[in-house]
Structures are given as structure tokens and as C-alpha cells.
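Quick note: to get our numbering, add 2 to the position in the sequence shown (first position is 1).
Backbone N, C-alpha and C fix where the C-beta goes; we use that ideal spot for every residue, glycine too.
Below is one structure, written out as C-alpha cells; comments come after it.
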Amino acid sequence: MVCSSRQSWHNLELKIKELHEISSRLNFRYLYDVRSSSRFIFEINELIRTVNYEIGTNCLSVDGGIAILQDEIDNLRRQELDLLINDSKLYMIVQKEKKEKEDETTNLILKQVGFVSGGSQIFAGIGICVASLGAACAGFGVPLLVQGGNNVYENGYYLLLRKEASGPVRNVYRDAAKTLGYSEADGDKIYGYVDLGLSGYAMARSVVRPGTFRLFRCIKTDYIRGWQEMGKVPLIAELIGDGVTGFSIYSISKDEGEKNER
């Protein structure tokens, strides 16, 4: 009888220790607010104190106290399991939101580059018209101006409102593609190819060296490449913009390929 009583008291101490351990673990992991944490620990300690008091006043047996503590431990474990499951769900949600934010950041950077690059195209288009005295304006200057203006509009719209917008020039390409039996994605790819082609011409063209004047003919040695005239900042912006355009074409082609595989 004495051994049984000692064993019961020992089991009670083990249950109290177990309850302290699980409550401390849950408190550390899930309760960040000081008041909530203090309240939780207080309630656990109050339960243990009450059980000990009831046993000490012979209102509750040791085994009855153990049963009460075990019931509390089981409840905490069920709650811990629920929290762990919700943690997994929450983790997946956070990861998804994180990915979306990363995509948003990447897209924002691309739009910023596209906006600056569009400005460089406008600058280059004006340069072609002025340098060629209007001769190359219709063939290359105006298209480059229009293309650059469209890029500034689309990327600027996103930077201001965080919404995608299709500019009038891109819509023309899309409508033309659909009229010919192709998709809007094909129109976007053609738009990108033209964008790259015009930018390439703008950087590779010969222009009169600034500060020189020729009445009828311009000597070849007075010409420099368009990319030299552009200066470092517009040139870098244009090169990066061409890279972004190339990436857009690649993304469109990749998406089309994945759709066809399905």
C-alpha cells in the first residue's frame, strides 16, 4: 500500500513535470505577447496548484489528480497538433505570397528598365530625324519614336498604377496577328522583334559628329556610331532594355510551348 502510494506520488510529479514541459514549449513557440504568455503560464501553474491543494485536503485522490493533469496534457497535445498543421498551411501561404512578392519585385524592376529604355528610344528617334535632316525620319526615326512612346506608356502605367496595360502600338501588332490567323502572343513576339530591330539600328547607325557642319556631303570620318553619341547612361539603359525585350520574347515563346505540350 505504501509502495503504491509512493508510486502514485512519483507519477504525479512526472505528470506535473510533463505538463510544465509541454506548456513551456507551446508558450515559447506560439505566444509572443507578454500578457498572453504570462496568462497561459499562470493558468497552468494555477491548475497544478489546485490539484495539489485538492489532494492535500483529501478532496481528490492522487490518481484523480494525475487523471486531471493527463487530460490537460492531452488537450495541449491536440492543440499543438492543430497548430503544427496550421503552421504548415501558413508556411505554404507565406511561401506563395513571398514568391508573388518576388515576382512583383522582378516585374517592377523590368518595368523600370523598360520605362528608361523607352525614353532612350525616343531620344534616339529624335536623333535620327535631326541627324538625317529628315531623310531617315519616316523610315526609322518616327517608328522608333512611336515604339519608344509605347514602351514609356506601358511601363509607366504599371509603375504608377501597378496594373498591366497594352499600349496602342502593341494592340496594332496583336490585331494584325489575329487578322492573319495568329495569336496575341505572336503579335507580342513580333512587337518585341521590331523593338529590338529598331533599337539595334539606332545604336548602329552613323550620325554626324556633334559640333561639325557639312553643307552637302558628310565626310565618313565625321561620322560616329549612334551608340557613342548616346552617352553611357542612355546606352546602358538601351542595352538593358533590349535584354528585357529579349527576355519577354523568350517568356512568351516558353509559355506558348508549355501550352502546346498540354
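**Request:** Go through its chain and collect everything with a Cβ distance to Gly169's Cβ below 6 angstroms, but skip five positions before and after it.
**Result:** Asn152, Tyr155, Glu156
**Message:** Between the alpha carbons of Ile24 and Asn60, how many angstroms are there, rounded?
**Reply:** 28 angstroms
**Prompt:** In whole angstroms, what separates the C-alpha of Gly67 from that of Tyr34?
**Reply:** 30 angstroms
**Prompt:** Thinking C-alpha only, which one of Arg41, Thr52, Tyr32 is nearest Gln81?
**Reply:** Tyr32
**Request:** Please name the residue, chosen from Arg27, Asp190, Leu16, Gln72, that lies closest to Gln149 on a Cα-to-Cα basis.
**Result:** When only C-alpha atoms are compared, the closest one is Asp190.
**Prompt:** For Gly194, does the count of other Cβ atoms within 10 angstroms reach 16, so buried, or fall short, so exposed?
**Reply:** Residue environment: Gly194 is assigned as buried (16 or more neighbouring CB atoms within 10 Å of its CB, all protein chains considered).
**Request:** Please state if the CB of Val64 and the CB of Trp11 are separated by a distance shorter than 9 angstroms.
**Result:** yes
**the ligand COA heavy atom lying under 8 angstroms from the CB of Glu186** = Summarising the ligand content, the structure contains no ligands, and the ligand COA is consequently not present.
**Request:** Would you give the residue range spanned by the alpha helix (DSSP H) that Ser38 belongs to?
**Result:** 36 to 58
**Request:** Figure out for me which residue from Ala69, Arg164, Leu49 has the closest Cα to the Cα of Asn13.
**Result:** Ala69
**Prompt:** Taking contact to mean at least 3 C-beta pairs separated by less than 8 angstroms, is the stretch 175 to 185 in contact with the stretch 160 to 167?
**Reply:** no
**Request:** Report the three-state DSSP secondary structure of Arg27 (helix, strand or coil).
**Result:** Here DSSP, grouped into helix, strand and coil, assigns Arg27 to helix.
**Leu237 versus Gln123: straight-line alpha-carbon distance, rounded** = Low confidence applies to Leu237: its pLDDT is 48, below 50, so where it sits in the model is not reliable, and the reading given next is rough at best. Distance between the alpha carbons of Leu237 and Gln123 is about 10 angstroms.
**Prompt:** Just curious, the alpha helix (DSSP H) that Glu156 is in, first and last residue?
**Reply:** Counting along the chain, the alpha helix (DSSP H) containing Glu156 begins and ends at 144 to 163.
**Request:** Can you give me the start and stop residues for the alpha helix (DSSP H) that Ala178 sits inside?
**Result:** 170 to 181
**Neighbour-count burial assignment, Leu71, 16 or more Cβ in a 10 Å radius** = That one is buried.
**Prompt:** Out of Ser39, Ser7, Ile46, which has the shortest C-alpha to C-alpha gap to Glu20?
**Reply:** Ile46
**Message:** For Asn173 and Val144, I'd like the C-alpha separation in whole angstroms.
**Reply:** 18 angstroms
**Prompt:** What's the gap between the Cα of Gly127 and the Cα of Val171?
**Reply:** 16 angstroms
**Request:** Could you tell me whether the Cβ atoms of Leu272 and Leu78 are closer together than 9 angstroms?
**Result:** Since the first and last residues shown for the chain are 3 and 264, residue 272 lies out of range.
**Message:** Quick check: what's the CA-CA separation for His22 versus Arg37?
**Reply:** 18 angstroms
**Asked** Should Leu83 be labelled buried (16 or more other beta-carbon atoms within 10 Å of its own) or exposed?
**Response** exposed
**Message:** Mapping the DSSP letters down to three states, classify Glu15 as helix, strand or coil.
**Reply:** helix
**Cα-Cα separation between Val196 and Phe30, rounded to whole angstroms** = For Val196 and Phe30, the distance between alpha carbons rounds to 60 angstroms.
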